[in-house]
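Residue numbers (this note's numbering), protein chains in the order written: chain A, 76 to 458; chain B, 76 to 458.
Contents: one structure, followed by commentary.
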DNA sequence: TTGAAAGCGCTACCAC
DNA sequence: GTGGTAGCGCTTTCAA
């Protein structure tokens with residue numbers, strides 16, 4: 076009764092004609108088996124020394140039958156979906172589309188597809204979404220990480236299971252993860268030094284949400300530059316709590332009410348800087364003559380056309396995405412997380428990498444430094 | 076020999092202990108079967124009248140074992156992946172991210188995930204990419220369609236097979252497909268009429284690539300408006316071959332060299348209009364005093380901060396994406412394209428819908444009409 | 001060289 | 001209420 080049972084089942088199915096998967100069908104028409112078809116179609120005919128004639132026959136029939144291998148079935152068997160998920164907080168801000176572009180470009184190069192998950196901005200808990208992604212058996216995850224204990228615990232858990240996970244655009248010191256981020260400490264420092272070099276002594280900072288580590292880095296870089304040049308950073312010289320035009324605007328209004336308002340302002344990002352400029356202009360100040368501005372990111376389009384072209388630190392978001400995906404591909408190199416040869420991901424505990432991309436100062440007009448019209452002109456070809 | 080064969084196989088597997096799928100494992104620990112676990116975990120315990128105690132036991136154990144249902148396996152069985160692919164030509168232009176956002180928001184609402192495929196701009200043939208997506212058994216496809224005979228033939232083939240496909244942002248008259256597009260004929264007409272109402276008689280158009288149907292619609296709308304008001308549209312009043320700043324710039328330069336240059340210009344999109352303004356300014360003209368501009372799309376960020384805030388026709392790309400996904404959900408309503416109860420998609424030949432979203436005139440400064448400062452102020456909250 | 005057999009993890013159906 | 005069984009479409013070993 077326990078005798079060669081699968082065989083029996085197989086024969087049975089055959090007799091009933093119930094083995095009509097497309098490969099079988101092709102095999103039947105070509106007068107070969109199921110498996111041979113598979114070998115031919117997957118380019119293993121050399122290794123398996125399958126005759127040319129057979130190959131040709133199989134291929135012709137496959138084409139005629141409009142055969143499309145079912146990757147779902149393959150995934151079930153191999154435990155790999157060749158899909159990664161990209162979880163980002165927003166896509167409307169121009170910075171993120173660039174990341175998406177980078178990730179997808181790199182992914183395509185490695186035969187991966189990208190499942191995009193834009194976790195709705197207000198919704199702080201991304202755990203259910205990530206869970207859904209895992210149920211789909213994505214091979215890896217690239218996340219713009221979010222704060223909040225719940226999320227953080229979830230990242231840690233994933234990592235402990237050995238699941239391939241890469242952070243992009245932010246990083247937590249206490250989570251052992253690979254990440255690609257901007258070198259925002261040095262970027263902000265350089266930006267601040269640029270303003271100092273232009274003769275400014277009273278330099279304010281329009282900060283973002285204090286949560287993200289990189290956000291903190293920008294603040295630290297700003298502080299460091301001031302300190303190294305013996306300048307003070309009065310506490311109320313740091314204003315704003317989000318990287319938006321509105322917050323930059325409001326923060327600047329507060330700065331202007333101080334008894335000693337700044338003569339120069341570093342924006343935590345470009346939007347904040349623009350909001351600041353708007354407030355300054357409305358207060359009757361001239362930019363950059365009365366007050367200078369430097370932004371961060373260079374992620375706003377058509378910058379050359381702005382009322383006052385913004386001097387800023389350029390951060391290459393596309394490159395950031397690309398590197399993140401490249402890192403993820405490495406992490407996914409081991410055995411699959413599930414499927415036939417799944418095994419404990421324990422031995423996947425590879426060394427984690429943190430890449431820092433440096434930003435580049437792009438001098439335009441808002442800072443008051445001498446501008447070459449090149450910057451202006453060269454932007455035409457950009458769009 | 077053909078006697079109850081599956082049963083034998085099953086017993087065999089059982090005896091060998093080879094049925095260690097997670098559901099079986101849970102069942103074993105809970106003292107119930109495989110199938111019961113499945114029923115409990117999928118909320119069918121009411122219908123199957125499974126005892127509360129069993130339910131509780133199963134659920135507890137599942138949680139303890141960190142059970143994550145494998146949707147790949149489920150997909151193989153049901154023939155549905157609950158995944159749709161979104162194929163777009165570009166993501167760096169701000170218009171497309173908005174579409175992505177709309178699609179994804181709507182998709183999430185229906186339990187779908189979005190596989191993003193940004194077909195590289197230069198690569199005109201998207202057939203291989205679509206083929207790859209089909210091998211992954213996506214349930215449906217939303218495409219910003221591309222021209223070229225090969226692509227077009229492919230769309231037609233897909234549609235003939237009854238595969239759920241929706242176009243977004245463009246549409247072909249000769250392809251029987253559901254689509255969501257902008258009402259660009261009336262939009263361009265309205266924009267042109269706005270300029271006519273402001274007293275202009277010599278109105279030029281900075282056109283885009285003549286391929287897309289909507290592009291043609293914009294040109295047609297422009298023509299219609301002129302015609303209805305008895306105005307001429309000299310052939311060389313239409314310039315430009317792509318919706319980019321660079322092309323708008325170059326096109327405008329040509330317009331300015333004419334013996335009778337225009338006094339007003341309609342941009343095929345915002346970027347083209349901006350390029351035009353740039354050329355006009357460089358030629359020493361004042362905008363809008365010497366020459367008026369209207370754009371199309373309102374897809375550039377921080378518009379309020381531009382040197383000359385652009386009057387434009389606002390097109391809601393997010394809404395466009397959302398509607399496209401909603402349409403696709405409908406189309407996917409029938410039997411799955413593959414899997415157990417797949418059947419010829421022939422009866423899926425539902426009525427096709429074409430939705431046109433109308434654009435709204437947003438008056439700012441570039442057209443020379445009276446502007447309320449409201450427009451200016453209200454934009455602060457936008458970012 | 002080829003083909004038979006087993007099985008990836010799940011769901012659906014029926015029998016008890 | 002519950003359990004047994006078949007099978008989704010593919011890959012991969014092993015036997016011939």
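Quick reminder that beta carbons are idealized off the backbone N, C-alpha and C, glycines included.
Interface criterion met: the Cβ of residue 193(A) is under 8 Å from a Cβ in chain B. Within the stretch 200-230 of chain B, the runs of alpha helix (DSSP H) that reach at least 4 residues and sit entirely inside it are, in chain order, 202-210. Closest in C-alpha terms to residue 166(B), from the list 103(A), 284(A) and 393(A), comes 393(A). Taking C-alpha positions only, residue 203(A) is separated from residue 98(B) by approximately 21 Å.
Here residue 108(A) has 102 as same chain residues with Cβ atoms under 7 Å from its own Cβ, once five neighbours each way along the sequence are excluded.
Per DSSP, the continuous beta strand (DSSP E) segment holding residue 371(A) begins and ends at 367-372. Under the DSSP assignment, residue 329(A) falls outside any beta strand (DSSP E), being part of the alpha helix (DSSP H) whose first and last residues are 320-331.
Rounded to whole angstroms, the Cβ separation of residue 306(B) and residue 264(B) is 13 Å, and the two are not in contact under 8 Å. With a threshold of 8 Å between beta carbons, residue 328(A) makes no contact with chain B. Ranked by how close their Cα comes to the Cα of residue 353(B), the residues 387(B), 441(B) and 430(B) have 441(B) in first place. Note that the stretch 255-274 of chain B touches the stretch 328-343 of chain B; at least 3 beta-carbon pairs, one per stretch, sit closer than 8 Å. With 16 or more neighbouring CB atoms inside 10 Å of its own CB, residue 381(B) falls in the buried class.
Within the stretch 240-278 of chain A, the runs of alpha helix (DSSP H) that reach at least 4 residues and sit entirely inside it are, in chain order, 259-272. Secondary structure note for residue 193(B): its beta strand (DSSP E) is the uninterrupted segment 188-193. Residue state for residue 314(A) is assigned as strand, using DSSP reduced to three classes. A direct Cα-Cα distance of roughly 26 Å separates residue 209(A) from residue 174(B). Against chain A, a Cβ distance below 7 Å from residue 117(B) picks out nothing, because the smallest value is about 13 Å.
Within chain A, 166, 191, 192 and 193 have C-beta atoms less than 9 Å from the C-beta of residue 179(B), given in sequence order.
Taken through DSSP and simplified to helix, strand or coil, residue 158(B) comes out as strand. DSSP places residue 436(B) within a strand segment (E or B) once states are collapsed to three.
By the Cβ test, the stretch 243-262 of chain A is in contact with the stretch 219-230 of chain A, since at least three Cβ pairs between them sit closer than 8 Å.
Close partners of residue 247(B) in chain A (Cβ separation under 7 Å) are lacking, with about 23 Å as the shortest Cβ gap.
Membership of residue 180(A) in the alpha helix (DSSP H) is indicated by the continuous run 170-184. Taking the CA atoms as reference points, residue 365(A) sits about 12 Å from residue 331(A). Under the three-state reduction of DSSP output, residue 356(A) falls in the helix class.
Inter-residue distance for residue 114(B) and residue 236(A) is about 28 Å (C-alpha atoms, whole angstroms). Annotation for residue 307(B): no beta strand (DSSP E) segment contains it, and DSSP assigns it neither H nor E. Residue 340(B) carries a strand assignment under DSSP once its states are collapsed to helix, strand and coil.
Per DSSP, the continuous beta strand (DSSP E) segment holding residue 389(B) begins and ends at 387-389. Listed as beta-bridge partners of residue 430(B) by DSSP are 255(B). For residue 358(A), there are no neighbours in chain B by C-beta distance under 9 Å, as the nearest C-beta there is about 15 Å away. Interface residue (Cβ-Cβ distance to chain A less than 8 Å): residue 210(B) is classified as such. When Cβ pairs closer than 8 Å are counted between the two stretches, the stretch 427-438 of chain B is seen not to touch the stretch 290-299 of chain B, the count staying below three. Taking a Cβ-Cβ threshold of 8 Å, the residues of chain A close to residue 146(B) are 210, 211 and 212, in chain order. For the pair residue 333(A) and residue 247(A), the Cα-to-Cα distance works out to about 35 Å. Proximity of residue 380(B) to chain A, defined by a Cβ-Cβ separation below 8 Å, is satisfied.
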